[in-house]
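In this note's numbering, the protein residues as written are 6 to 205.
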Amino acid sequence: MSFELPKLNYSYSDLEPILDARTMEIHHSKHHAAYTAKFNAAIADANIENQSIEEIFANINKYPAAVRNNGGGYYNHNLYWSVIAPNKGGAPQGELLSAIEKDFGSFDNFKSEFENVAATQFGSGWAWLVKQDNGKLVVCSTSNQVNPLMCDADIKGKPILTIDVWEHAYYLKYQNRRPDFIADFWKVINWDAVFKLYKS
Ligand code: MN3
């Protein structure tokens with residue numbers, strides 16, 4: 006089985022001005038496409054083409070680094086594109102809002118915690134909202150292309166929201182101002198998509 010670069014449900018310019026069209030185009034058609042191609046090559050080399058991506062991540066420490074780096078790059082960007090959309094933002098509603106309030110005290114507390122881990126992740130990486138096996142929601146960050154589905158991640162669970170804090174995700178518009186990008190990111194989050202992941 007080989008993995009395919011997903012088509013986006015919006016055009017590269019639809020998330021302007023937060024995610025500018027040039028950043029979106031390079032990010033999807035170059036970075037994500039390269040991870041996809043290299044992941045397919047890495048799983049062919051490792052003879053694990055018959056496995057699901059979840060199975061691969063559950064044993065990621067047994068495989069060459071190329072499987073982790075490119076498999077993470079493939080999966081993490083898929084999730085990222087799926088939780089953002091034009092004309093979204095705001096706050097989650099109903100059951101997801103209740104779960105966030107239960108585990109973080111308030112939506113504002115959650116926002117602060119998520120912004121803090123995203124801003125303080127040293128170097129390249131991702132920040133996550135994760136649903137753990139016991140149902141509890143937690144926030145964490147990972148370096149490079151590690152994600153919470155990988156067996157050796159510090160915090161494990163099902164990722165339901167993520168932000169890419171690699172410089173390629175924001176540098177053309179925000180340059181060194183990662184915190185400004187993170188603050189603007191709330192305007193493009195698709196909470197309906199996050200809720201679907203929470204319930205799935
Ligand atoms: Mn990226």
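Beta carbons: idealized from backbone N, C-alpha and C, even for Gly.
Residue environment, residue i, which counts as buried when at least 16 other CB atoms sit within 10 Å
| i | result |
| --- | --- |
| His37 | buried |
| Ala70 | exposed |
| Gly162 | buried |
| Phe190 | buried |
| Arg73 | buried |
| Asn81 | buried |
| Lys204 | exposed |
Bridge partners - residue i, DSSP secondary structure assignment
| i | result |
| --- | --- |
| Pro164 | Val135 |
| Ser148 | Gly130 |
| Leu10 | None; Leu10 has no bridge partner. |
| Val72 | Paired residues: none, contrary to the question. |
| Pro142 | According to the sequence as given, residue 142 is Leu; it is not Pro. For Leu142, which the question treats as bridged, DSSP gives the partners Lys136. |
Whole-Å CB distance - residue i paired with residue j, under 8 Å assumed
| i | j | result |
| --- | --- | --- |
| Phe8 | Tyr68 | In fact, because the Cβ distance is near 15 Å, the residues do not count as touching under 8 Å. |
| Asp3 | Tyr179 | Any property of residue 3 remains undetermined from this structure, which presents the chain solely from 6 to 205. |
| Ile48 | Cys156 | Contact doesn't hold; Cβ gap of about 16 Å is too wide. |
| Ile23 | Val193 | 5 Å |
| Leu154 | Glu59 | 6 Å |
| Leu101 | Trp196 | 7 Å |
Residue i CB to nearest heavy atom of ligand 1 below 8 Å
| i | result |
| --- | --- |
| Phe78 | A small correction: the amino acid at residue 78 is Gly; Phe does not occupy that position in the sequence shown. Correct: Gly78 has its Cβ closer than 8 Å to ligand 1. |
Original post:
Taking a cut-off of 6 Å, which residues have a beta-carbon closer than that to any heavy atom of ligand 1, in chain order?
Top reply: His32, His36, His82, Asp169, Trp171, His173 and Ala174
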